Amino acid sequence: MRLIGVLETAVLVAACLLLAGCASAQPPVSAAQRAQIRTALLDKQWQEIANVYPDAIRPKAPATHTVPDHDWPQDVVDCLHDRGYIAQVSGDSFTFDSFSNQTNVDFHVEGYLCTSAYVQQSDVLARLTKQQQQAFDDFEVYQVQPCLRLAGAQTFPPPVGHLTGLSSWSPFDLVWLTGSTKSSAYLEQKCPPTPSWLDLADAG
């Protein structure tokens with residue numbers, strides 16, 4: 003009876019661990035820290051507008067998603083298109099034109115709404131500890147890269163002496179370099195390049 007009790011306990015513990023129901027591991031970056039990073043980044047963005055237009059009224063920012071630096075210009079451009087602007091990607095940034103009857107203040111506030119909806123991954127990583135940046139490296143090397151290879155995509159190996167977090171390397175580099183927009187989008191959906199614990203939209 004005693005042995006049966008021990009076995010039953012072991013089975014329950016194993017099941018609990020498999021289902022992650024008894025204890026959940028803490029994410030490398032907490033929701034509270036993501037909220038602080040979001041506030042700091044958006045405050046910095048708005049301050050650049052307020053310095054020029056001190057009477058501008060700051061709008062409520064939408065959900066702020068952390069996106070790969072490669073995707074950021076297009077994401078902002080798509081947001082501006084949705085708001086009726088003529089916009090285009092320009093290198094690693096973007097350009098857009100104001101409406102004929104729009105004030106300079108309104109123009110910059112509208113731009114803020116889209117740039118606050120998306121922040122670059124590197125801007126978030128730069129505010130993390132070395133240990134947290136290492137967790138992101140591990141995510142890229144041990145989760146994203148194998149996922150891409152299983153999906154049939156080729157990737158460059160990480161550089162020797164891979165630096166934590168702020169390295170310019172990404173498992174998606176070759177995909178972005180050689181793949182079509184459609185195939186890149188498919189692979190990013192299948193193998194997300196940004197972990198949920200780095201997305202500022204999940205900061206609460």
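Counted the way my numbering counts, the sequence shown spans residues 3 to 206.
In this text, a Cβ means the ideal position worked out from N, Cα and C, and glycines have one as well.
Because the structure is a prediction, the values reported are computed rather than measured.
Exposure label - residue i; buried when at least 16 CB within 10 Å
| i | result |
| --- | --- |
| Gln104 | exposed |
| Ala89 | buried |
| Val79 | buried |
| Val2 | Nothing in the structure corresponds to residue 2, since the chain is present only between 3 and 206. |
| Glu142 | buried |
| Asp94 | exposed |
| Ser32 | exposed |
| Val121 | buried |
| Gln191 | exposed |
| Cys24 | For Cys24, the pLDDT reaches just 41, beneath the cut-off of 50, and the residue's location in the model is therefore unreliable, although a value from the coordinates is still provided. Cys24 comes out exposed. |
| Gln147 | buried |
| His201 | Going by the sequence as given, residue 201 is Asp instead of His. It counts as buried. |
| Pro195 | buried |
| Thr180 | exposed |
| Leu189 | buried |
For residue i: DSSP bridge partner residues
| i | result |
| --- | --- |
| Phe96 | Val91 |
Selection from the options that minimises the alpha carbon distance to residue i
| i | options | result |
| --- | --- | --- |
| Ile59 | Leu43, Leu115, Gly93 and Gln145 | Leu115 |
| Phe158 | Val146, Cys149, Ser172 and Gln145 | Ser172 |
| Ser185 | Gln156, Ala203, Leu202 and Asp140 | Gln156 |
| Arg36 | Leu127, Trp48 and Pro160 | Leu127 |
| Ala63 | Arg151, Ala34, Tyr55 and Gly113 | Gly113 |
| Asn53 | Val111, His67 and Gln38 | Val111 |
| Phe174 | Thr117, Tyr55, Leu43 and Asp71 | Asp71 |
| Val69 | Pro160, Ser100, Val146 and Ser124 | Ser124 |
| Asp57 | Ser198, Lys132 and Asp108 | Asp108 |
| Ala42 | Thr66, Pro75, Thr97 and Pro197 | Thr66 |
Residue i - containing beta strand (DSSP E), residue span
| i | result |
| --- | --- |
| Tyr120 | Tyr120 to Gln122 |
| Thr68 | His67 to Val69 |
Start-to-end residues for the alpha helix (DSSP H) that takes in residue i
| i | result |
| --- | --- |
| Cys2 | Any property of residue 2 remains undetermined from this structure, which presents the chain solely from 3 to 206. |
| Thr180 | Asp175 to Thr180 |
| Glu142 | Neither: Glu142 is in no alpha helix (DSSP H) and is coded neither H nor E. |
| Asn53 | Ala33 to Val54 |
| Ser185 | Thr183 to Lys192 |
| Asp57 | It is not in any alpha helix (DSSP H) - Asp57 carries neither H nor E in the DSSP assignment. |
| Asp108 | Asn106 to Thr117 |
Check: residue i C-beta below 7 Å from any heavy atom of the ligand ADP
| i | result |
| --- | --- |
| Leu82 | Although the ligand ADP was asked about, the structure shown includes no ligands whatsoever. |
Does the structure place the segment 74-88 close enough to the segment 130-137 that three or more beta carbon pairs sit under 8 Å?
no
Answer yes if the segment 142-154 comes into contact with the segment 44-58, meaning at least three C-beta pairs across the two stretches below 8 Å, and no otherwise.
no
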